[in-house]
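In what follows, a single structure is set out as structure tokens and then discussed.
2 protein chains.
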Amino acid sequence: MSAHPLDPIFHPRAIALVGVPSGEANVAQGFFTSLLEHHFERDHGLYPVNPKAQEIRGVRCYPTLLDTPDPVDHVISLVPARAVPVLVEQAIEKGVRSVHFFTAGFSETGDEEMAALEREMVSRLNEAGIRVFGPNCMGLYVPSEQIAFMAGFPPEPGNVMFVSQSGANASDVIRNLGARGVRFSKVISFGNGADLRAHHFLDYAAHDPETEVVTAYIEGVQDGRLFFEAVRRAAAEKPVILLKGGLTGAGARAAHSHTGSLAGSTQIFDALCRQAGAWRAETMDDLHDVTIAATTRLRDVQGRGVGLVGGGGGIAVLSADALAAAGLEVPPTPEETKRQLHEFIPIAGTSVNNPIDTNMGNAEAMERTLGIVARAENIDLVVTNPPLGRVGPAGAERPPDAERDREEAEAAVERIARLQEETGVPFVVLVRGAASPQMEHFAQEAYRRGIAVYPSIHRAARAIAAILAWRERREGLPAVV
Amino acid sequence: MSAHPLDPIFHPRAIALVGVPSGEANVAQGFFTSLLEHHFERDHGLYPVNPKAQEIRGVRCYPTLLDTPDPVDHVISLVPARAVPVLVEQAIEKGVRSVHFFTAGFSETGDEEMAALEREMVSRLNEAGIRVFGPNCMGLYVPSEQIAFMAGFPPEPGNVMFVSQSGANASDVIRNLGARGVRFSKVISFGNGADLRAHHFLDYAAHDPETEVVTAYIEGVQDGRLFFEAVRRAAAEKPVILLKGGLTGAGARAAHSHTGSLAGSTQIFDALCRQAGAWRAETMDDLHDVTIAATTRLRDVQGRGVGLVGGGGGIAVLSADALAAAGLEVPPTPEETKRQLHEFIPIAGTSVNNPIDTNMGNAEAMERTLGIVARAENIDLVVTNPPLGRVGPAGAERPPDAERDREEAEAAVERIARLQEETGVPFVVLVRGAASPQMEHFAQEAYRRGIAVYPSIHRAARAIAAILAWRERREGLPAVV
């Protein structure tokens, strides 16, 4: 497959940052800080532009874009809106490929004069073959190229693309899905979408070999037909998960203030997703949770029968309620499976009826239990807690020991990964309550090994039901490589 | 009001722990560890009983219950079920007030012989005027008396009672609501409820001066009429929040294995709660969230108009959607309020239409914004993020500094508490994503000052809607003192 026409703009040789404030490290230097922190300057050129500074934080600074070394492929504009026309002409003269306008104050203000200025700058740049991100957006996060728009983003690239009008939602996804182990091929915040917009990026996503799962946050759809076609094409190749903002009156009003978008109805967007074969996430948490499902072995779940192991009496009762409420089943344990479990599980204070409450303190017994349950004839997936060497129900807490905790977490992941491999049954692990460093490490390692981890039984149940519904609807999701 | 007849059993002078294992600190000594850790022995007597040990962890041990010093008011039974008949006779001879049977293996096993033994032991003890907790339960957490059934529970007493058949759910509530700042008057895990059960504890809760809000997890209702009357009486005095487990087929089967309970239907339980004036929580998260609402100023919210401040563009859009979906309103900002906000908020990159997105880095401007919004004529409550001295949208992360972080969190709480006081409008603060120590400190301090904190806009929206629905249904909730 030949490279997509948009591909070069995700791989700039050098970036000029126009309008970066001078002085020592300060908040307004955010983009500069992020690129430095992600070591963009090591293999590329990074050129701050500011006529009032010789250098900023040890990096040589240039008075105008025209004074920077060649080549510059990508420009990040931090200048005020009134300074944009001059920058546009300089970008054309410089021969850049793309300009990202962090600069806001255009069509989203509702001011007709500023909307006209936005249209003008885009058509001037497009005529010269230059593509535009924004205005009013955070731009690009491309970890394989060391490009990031905030400090602290994961440096490692991954297989999920996220396309978002909103920079806040882009950060939310990178940080919070990132904390759960997900890594990204590209994340794009495109704001007002005056030139490049959702359908361009979805089309690119379908072709991008680094992207295996496509996710997007959409406020307004400017070109309904193009958008639908792009979703359909992408969803034929890869799982596509879409979240629409502004589906209520209050949300639509907010979207209009935010990116000048005119939002549509839930019914229309839902129908669009169904017809195109994409999954409509109802909330941001849903988008996170279904992304986890689509990038782990949970994706291959074959049916509704859940083996629920651990969690303790009343928690098991509520968990069974939550699974049943989501349309899943917690079928009674087959007699042969019960017999195998009773070989080593005592009767008092336990239950081998599904949900299985073994109340055991040791990881080996837990592993044996999980393996037997996973192999039961009516079980399609197993939902359980982290099989860590926990203490009993009334046991004392141990003093913290970071090294031992990490090793224990990794051993627990290894046990589940092995069981998942051996039985061919997906495992879902619940990590509830305040996250400890051990639990966070467990969750990230588990994800890396293809195990789905959720913060609550309700969110797990929704995600499992979503995958099953999605598969039923389209008879086989596109393959994740 | 004279003391409730059950009051003495929550204030035992001394506790005997019968069947505590000997040896150095070990997991099976859980109850003993918890009582020692909560310093029960300082002002009371704590007597481990084990014929094979002289002392356990430095505490003198007695061969039988009859050998312990007088008085012993409460016995915790860790002996196996077959040893229970002897213990029962000794408890009667010793003249104790109450026995808590951690011992399991009775009616919940479905074995008729064990069910008969359970009935027998209860009637023997009751005839002697001794009350029974359990069997098959974790018993009591009474922080004002230094009684706890797990190590690590908060030592401070509070105003919330939780009554639970399940020990796992009791721990969940103590730990996870505890982490959000809630403190407890009494938590009772009563298991099979062979003697004392939900209606007894609800009746006690209505009279207990230390309890201001009553919460309960119920699996099976053994005495429908008594239970309904107890809920009605308690709900007339104090907010009562009930969570029912086993409302689905799978959940009911789990409940039967767990505490031998026969569960009822959602419709019946829902009707019972409505008629009695209690709130039915749909999930454990709901129970947590409505408890937060019922014990903070959110309880007094007067209407549906939400002022939504901060969070950034796309997050504001999704937040407005979530509030609208829960039946709340995000009304347009009145002109006069807009004028006041525009005195210090620039136009580009911001919005003063509700949701208000000021995109500001400094806490003072945020405080001014919040105060103006809270006073707007169409606003009944304000939903916002922690007003910490955050960096801008593209800013660098600061290096950690625990002391400064704590001070900053406390200053932020102080600002919101002052605004809540001055404007009379409840504030709801969202603390999302992975909890940092700073955010945890913020959340707990905020709760202490009567500010409701939620982990997501969806959970906040549900809790706000719940309080409004509850008030509409019964015209004024009972007062929290």
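Protein sequence lines correspond, in order, to chains A and S. Numbering of the first sequence is given in the numbering used here, commencing with residue 1 and proceeding in unit increments. Numbering of the second sequence is given in the numbering used here, commencing with residue 1001 and proceeding in unit increments. For every residue, glycine included, the Cβ atom is placed at its ideal position computed from N, Cα and C.
Of the other Cβ atoms in all chains shown, 16 or more fall within 10 Å of the Cβ of HIS1458 (chain S); this residue is therefore buried. Here the alpha carbon of PHE101 (chain A) sits roughly 17 Å from the alpha carbon of GLU93 (chain A). Taking a 10 Å sphere around the C-beta of SER1002 (chain S), we find fewer than 16 other C-beta atoms and assign the residue as exposed.
The three-state secondary structure of PHE162 (chain A), taken from DSSP, is strand. Taking CB atoms only, ILE315 (chain A) has a neighbour in chain S less than 9 Å away. The stretch 1234-1244 of chain S makes contact with the stretch 1201-1211 of chain S: 3 or more CB pairs, one atom from each, lie closer than 8 Å. Between the stretch 452-472 of chain A and the stretch 1079-1093 of chain S there are fewer than three C-beta pairs closer than 8 Å, too few to call the two in contact.
Judged by beta-carbon spacing, SER1319 (chain S) lies within the 9 Å limit of VAL1383 (chain S), meaning their Cβ atoms are closer than that value. Cα atoms of ILE15 (chain A) and LEU66 (chain A): separation of roughly 13 Å, rounded to the nearest angstrom. Counting other Cβ atoms within 10 Å of its Cβ, ALA1411 (chain S) stays below 16 and is therefore classed as exposed. Here the alpha carbon of PRO1426 (chain S) sits roughly 23 Å from the alpha carbon of THR1215 (chain S). From the beta-carbon of ALA1255 (chain S), the residues of chain A found nearer than 7 Å are VAL317. With contacts defined by Cβ atoms closer than 9 Å, VAL20 (chain A) and VAL49 (chain A) form a contacting pair. According to DSSP, residue pairing for SER98 (chain A) in a beta bridge involves A:HIS74, A:ARG131. In terms of beta-carbon proximity, ILE174 (chain A) stays away from the interface with chain S, with every pair separated by 9 Å or more.
Taken through DSSP and simplified to helix, strand or coil, ALA278 (chain A) comes out as coil.
Between VAL213 (chain A) and the set A:ALA255, A:ARG299, A:LYS244, A:GLN165, the nearest pair of CA atoms involves A:ARG299.
Proximity of chain A to ILE1347 (chain S) at the Cβ level (cut-off 9 Å) is accounted for by GLY105, THR109, ASP111, in chain order. Contacts with chain A (Cβ-Cβ distance below 7 Å) from the stretch 1216-1249 of chain S involve TYR1217, GLU1219, GLY1245, GLY1246, LEU1247, THR1248, GLY1249, listed in chain order.
If one requires a minimum length of 3 residues, the beta strand (DSSP E) runs lying completely within the stretch 23-85 of chain A are 45-49, 74-77, in chain order. Of the residues A:GLY129, A:GLN267, A:ILE147, the one whose Cα lies closest to the Cα of LEU36 (chain A) is A:ILE147. Here the stretch 1109-1128 of chain S makes no contact with the stretch 1166-1175 of chain S; the two share fewer than three CB pairs at distances below 8 Å.
Under the rule that a run must span 3 or more residues, the beta strand (DSSP E) segments found entirely inside the stretch 415-478 of chain A read 427-430, 452-454.
Residue-level contact by beta carbon holds for GLN165 (chain A) and chain S, with a gap shorter than 9 Å. A residue is called buried once 16 or more other Cβ atoms fall within 10 Å of its Cβ, and VAL1306 (chain S) is buried on that count. LEU287 (chain A) sits in a helix when the DSSP states are folded into three classes.
When DSSP assignments are scanned along the stretch 293-358 of chain A, the uninterrupted stretches of alpha helix (DSSP H) that are 4 or more residues long and fall wholly within it turn out to be 313-325, 335-342.
For the stretch 279-291 of chain A, the residues whose beta carbon sits under 8 Å from a beta carbon of chain S are, in order, THR283, MET284, ASP285.
The stretch 32-47 of chain A makes contact with the stretch 150-160 of chain A, as at least three CB pairs between them are under 8 Å.
For GLY1158 (chain S), the CB contacts under 7 Å within the same chain, skipping 5 residues up- and downstream, are VAL1182, ARG1183, PHE1184, SER1185 in chain order. Taking all protein chains shown into account, GLY105 (chain A) has 16 or more neighbouring C-beta atoms within 10 Å of its C-beta and is therefore buried.
Residues of the stretch 189-206 of chain A with a C-beta atom less than 8 Å from some C-beta of chain S do not occur.
Residue environment: PHE1344 (chain S) is assigned as exposed (fewer than 16 neighbouring CB atoms within 10 Å of its CB, all protein chains considered). Taking 9 Å as the upper bound on Cβ-Cβ separation, chain A lies near residues ASP1321, ALA1322, LEU1323, ALA1324, ALA1325, LEU1328, GLU1329, VAL1330, PRO1331, PRO1332 of the stretch 1321-1335 of chain S. For SER1171 (chain S), the uninterrupted alpha helix (DSSP H) run begins and ends at 1167-1172, by DSSP. Look at GLY1220 (chain S) here: in three-state DSSP terms it is coil, with no helix or strand label.
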